[in-house]
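Engineer: FYI, full-length UniProt numbering numbers position 128 of the sequence shown as 128, with every residue one higher than the one before it.
Every residue gets a Cβ at the ideal spot worked out from N, C-alpha and C, and that includes glycine.
Keep in mind it's a predicted model, so treat the numbers as computed, not measured.
Before anything else, here's the structure in question.
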Amino acid sequence: MKKSWSRKPTAHWSSHAPSHYDPTIPEEAQFIPTKKINHGQVLYEVDSPETADWLCSSAGAKAFIANFGPNMTLATKPSPVLVEYVPLHFNTDDPSALRDMESKNDLPTGAIKSARWIKPIKRRSLQQRRAHLTLEILKPGDANQTI
Numbered sequence: 001m002k003k004s005w006s007r008k009p010t011a012h013w014s015s016h017a018p019s020h021y022d023p024t025i026p027e028e029a030q031f032i033p034t035k036k037i038n039h040g041q042v043l044y045e046v047d048s049p050e051t052a053d054w055l056c057s058s059a060g061a062k063a064f065i066a067n068f069g070p071n072m073t074l075a076t077k078p079s080p081v082l083v084e085y086v087p088l089h090f091n092t093d094d095p096s097a098l099r100d101m102e103s104k105n106d107l108p109t110g111a112i113k114s115a116r117w118i119k120p121i122k123r124r125s126l127q128q129r130r131a132h133l134t135l136e137i138l139k140p141g142d143a144n145q146t147i
């Protein structure tokens with residue numbers, strides 16, 4: 001059975017949401033449904049950069065899901081950033097290497113979601129010492145800062 005979708009102007013934060021998740025929610029936070037996509041998924045816009053930052057935080061995401069229902073999931077779209085000539089000893093699978101990269105580039109902890117080499121390892125030459133990689137950065141502002 002297919003559920004119908006009605007577009008409401010805004011989804012206001014419930015005043016009886018569990019307060020133990022995140023007391024720092026922005027005042028008057030609003031989540032505006034903008035588009036219905038496949039399989040009943042709905043895209044939302046938020047009213048301010050502060051609300052977006054809060055929603056991207058771990059505590060904010062948990063509070064949002066708890067308030068809007070257990071079937072709710074959040075999907076973020078990270079910004080890809082190309083980094084050239086990275087030494088091959090850099091371990092893209094090591095979270096501490098990503099945190100170290102954030103620290104050295106004045107990014108907030110957790111800003112880099114993932115890193116991957118552009119060229120597969122098996123296609124490298126034996127003499128190669130550096131390669132390009134792609135960073136997936138969660139916030140566009142942090143991605144702009146790295147560029």
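Rounded to whole angstroms, how far is the Cβ of Ala131 from the Cβ of Ile137, which I believe are closer than 8 Å?
Structural biologist: Incorrect: roughly 19 Å between the Cβ atoms, too far for contact.
Engineer: Could you check the C-alpha separation between Pro140 and Pro95 for me, to the nearest Å?
Structural biologist: Taking the straight line from one Cα to the other gives about 20 Å.
Engineer: Which term fits Leu74, buried or exposed, when burial requires 16 or more other beta carbons within 10 angstroms of its beta carbon?
Structural biologist: It is exposed - the Cβ of Leu74 has fewer than 16 other Cβ atoms within 10 Å.
Engineer: Within the same chain, show all residues whose beta-carbon is closer than 6 Å to that of Trp117, passing over the 5 residues directly before and after it, in chain order.
Structural biologist: Only Ala131, Leu133 meet the Cβ criterion.
Engineer: Grab the span of the beta strand (DSSP E) containing Ser114 for me, first residue to last.
Structural biologist: Looking at the DSSP string, the run of the beta strand (DSSP E) that includes Ser114 is 112-117.
Engineer: Considering Pro78, what are the terminal residues of the beta strand (DSSP E) in which it resides?
Structural biologist: Segment: none, Pro78 is in no beta strand (DSSP E) and carries neither H nor E.
Engineer: Can you give me the start and stop residues for the beta strand (DSSP E) that Pro30 sits inside?
Structural biologist: The residue asked about is misnamed: residue 30 is Gln in this sequence, not Pro. Counting along the chain, the beta strand (DSSP E) containing Gln30 begins and ends at 30-36.
Engineer: Could you check which residue in Gln41, Leu55, Asp106, Asn38 has the C-alpha nearest to that of Ala29?
Structural biologist: Looking at the Cα atoms, Leu55 is the closest of the given residues.
Engineer: Can you tell me whether DSSP reads Thr10 as helix, strand or coil?
Structural biologist: With a pLDDT of 40 at Thr10, under the threshold of 50, the predicted position of this residue should be treated as unreliable, though the coordinate-derived value follows. Three-state result, Thr10: coil.
Engineer: Where Arg99 and Val81 are concerned, what is the direct C-alpha to C-alpha distance, given to the nearest angstrom?
Structural biologist: Answer to the nearest angstrom: the Cα atoms are 16 Å apart.
Engineer: Please determine, among Val42, Ser57, Ile25, Ile147, the residue with the shortest C-alpha to C-alpha distance to Ile32.
Structural biologist: It is Val42 whose Cα lies nearest to the Cα of Ile32.
Engineer: Just checking my contact of Leu88 with Ala115 at CB under 8 Å: how many whole Å lie between their CB atoms?
Structural biologist: Between Ala115 and Leu88 the Cβ distance is about 13 Å, and since that is not below 8 Å, they are no contact.
Engineer: Taking 8 Å as the limit between beta carbons, can you name the residues of its chain near Val46, skipping five residues before and five after?
Structural biologist: Excluding positions up to five away in sequence, the list reads Ala29, Gln30, Phe31, Ile32, Ala52, Leu55.
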